[in-house]
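*Asks:*
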Amino acid sequence: MKKVLIISRYLRAKENLNLFHFKGYFHGQRINQIAVKGGKFEKGHDYALALESVVILDKVLVGELVKSKKLS
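Our numbering applies: residue 1 is where the sequence shown begins, and numbers increase by one.
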């Protein structure tokens, strides 16, 4: 089971996922967005996210929320 810590800005909810801003690479693969299963967030705020069960699907890093903390 892969675990990762991320700092990112919340964008919006889509279906049962929360979408966060991200442009970069993870394990050598290009990532355009982060999709988080679970949690409640406020649009436009930054969060520290602890995710597990992380997979990459079509340039989107998808993971289950373990813990989050609002930064701004």
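The beta-carbon is built from N, C-alpha and C at its ideal position, and this holds for glycine as well.
The structure displayed is predicted, hence computed values, not measured ones.
When DSSP labels each residue in this structure, what does Leu71 get in the three-state scheme?
*Replies:* Coil at Leu71, not helix or strand.
*Asks:* Going by DSSP in three states, Leu27 sits in which element: helix, strand or coil?
*Replies:* Residue identity differs from the one stated: residue 27 is His in this sequence, not Leu. Correct three-state label for His27: coil.
*Asks:* Measure the alpha-carbon distance for Lys37 versus Gly28 and round it to whole angstroms.
*Replies:* In a straight line, the C-alpha of Lys37 is about 23 Å away from that of Gly28.
*Asks:* If you run the structure through DSSP and keep just helix, strand and coil, what is His73?
*Replies:* Examination of residue 73 is not possible in this model, given that the chain is present from 1 through 72 alone.
*Asks:* If you follow the beta strand (DSSP E) that Asp46 is in, where does it begin and where does it stop?
*Replies:* Asp46 to Leu57 is the span of the beta strand (DSSP E), which, as asked, contains Asp46.
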